[in-house]
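Numbering (our numbering), first residue to last: 5 to 112.
For each residue, glycine too, the CB sits at the ideal point set by N, CA and C.
Please read these numbers as outputs of a predicted model, since none were measured by experiment.
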């Protein structure tokens with residue numbers, strides 16, 4: 005699972021694997037604030053993905069995470085992060101990772 009003493013948790017799992025459900029059941033009741041790139045995309049342009057907007061989306065997500073952590077909040081980052089390359093930028097915040105293991109068939 006993850007280190008319960010960590011202020012910052014990054015979810016890892018396939019799309020539709022149950023990451024958000026796990027957050028709502030286990031992290032929100034524990035006082036974590038959820039930051040989700042999908043929500044940022046919806047707020048900005050109302051689409052699931054627009055390639056030209058992605059750099060801006062990720063800058064905003066990073067600022068949200070950093071601001072929340074600096075103000076003493078516990079944060080859970082709700083995204084796929086299935087590759088080391090996608091997780092690497094978050095290492096500076098010393099995260100705990102919560103892997104949601106679900107079969108590919110369940111996610112389709």
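Starting from residue i, trace the alpha helix (DSSP H) in both directions and tell me its first and last residue.
{"i": "residue 23", "result": "23–26"}
{"i": "residue 89", "result": "88–91"}
{"i": "residue 66", "result": "58–74"}
{"i": "residue 108", "result": "108–111"}
Figure out for me which residue from the options has the closest Cα to the Cα of residue i.
{"i": "residue 80", "options": "105, 55, 110, 98", "result": "98"}
{"i": "residue 34", "options": "77, 65, 94, 66", "result": "77"}
{"i": "residue 9", "options": "36, 103, 22, 89", "result": "36"}
{"i": "residue 70", "options": "103, 52, 95", "result": "95"}
I'd like the list of long-range same chain contacts for residue i, defined as Cβ closer than 7 Å, with 5 residues on each side in sequence excluded.
{"i": "residue 19", "result": "84, 111"}
{"i": "residue 24", "result": "82"}
{"i": "residue 68", "result": "39"}
{"i": "residue 32", "result": "38"}
{"i": "residue 51", "result": "45"}
For residue i and residue j, which I take to be in contact (beta-carbon distance under 8 Å), what is that distance rounded to the nearest angstrom?
{"i": "residue 101", "j": "residue 39", "result": "About 15 Å separates the two Cβ atoms, so there is no contact after all."}
{"i": "residue 73", "j": "residue 12", "result": "6 Å"}
{"i": "residue 91", "j": "residue 14", "result": "6 Å"}
Cutting at 8 Å between CB atoms, please list the residues of its own chain near residue i, excluding the five before and the five after it.
{"i": "residue 61", "result": "41, 44, 45, 48"}
For the beta strand (DSSP E) holding residue i, just list the boundary residues, first then last.
{"i": "residue 97", "result": "No beta strand (DSSP E) holds residue 97; DSSP gives it neither H nor E."}
{"i": "residue 38", "result": "36–39"}
Is residue j closer than 7 Å to residue i when the C-beta atoms are compared?
{"i": "residue 86", "j": "residue 21", "result": "no"}
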